[in-house]
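For what it's worth, the working numbering labels the leading residue of the sequence shown as 11, then goes sequentially.
Where a beta carbon is used, it is the ideal one built from N, C-alpha and C, also for glycine.
Let me begin by presenting the structure, written as structure tokens, before commenting on it.
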Amino acid sequence: ALLYREGVGTNEKAIPFNKQDYQSLKQECLAKGTLFCDPTFPAESDSLGYNELGRYSSKTRGVQWKRPKELYSNPEFIVDGAKRTDICQGALGEKSSF
Numbered sequence: 011a012l013l014y015r016e017g018v019g020t021n022e023k024a025i026p027f028n029k030q031d032y033q034s035l036k037q038e039c040l041a042k043g044t045l046f047c048d049p050t051f052p053a054e055s056d057s058l059g060y061n062e063l064g065r066y067s068s069k070t071r072g073v074q075w076k077r078p079k080e081l082y083s084n085p086e087f088i089v090d091g092a093k094r095t096d097i098c099q100g101a102l103g104e105k106s107s108f
């Protein structure tokens, strides 16, 4: 609770996953003129899960990986702020398009 009150985990004080820093990754992609591809979460069925969501599951058959631009003409990363509860494992709130 103390860390949350100090803002840890917010957009301004995000805890990097796998030492990834958003601003550094963004600058690197802009400098190279490339889109970001996360090596820790590749766009393949194994990233969705295992057993019921694994590579050979009927639940994941036909899943297509898409970039936001393929779904929306003008995608935006965060609009009107974000809260830690906007996206929760197992349930999506009103902001289900991300």
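{"Asked": "Span of the alpha helix (DSSP H) holding L81?", "Found": "78 to 81"}
{"Asked": "Given a cut-off of 8 Å on the beta-carbon distance, is the pair T70 and L81 in contact?", "Found": "no"}
{"Asked": "How long is the line joining the alpha carbons of E16 and Y66, rounded to whole angstroms?", "Found": "44 Å"}
{"Asked": "Taking 8 Å as the threshold (C-beta atoms), are P85 and K79 in contact?", "Found": "yes"}
{"Asked": "Let me make sure I understand the geometry here. Which of T95, Q37, A53 has the alpha-carbon closest to that of K76?", "Found": "A53"}
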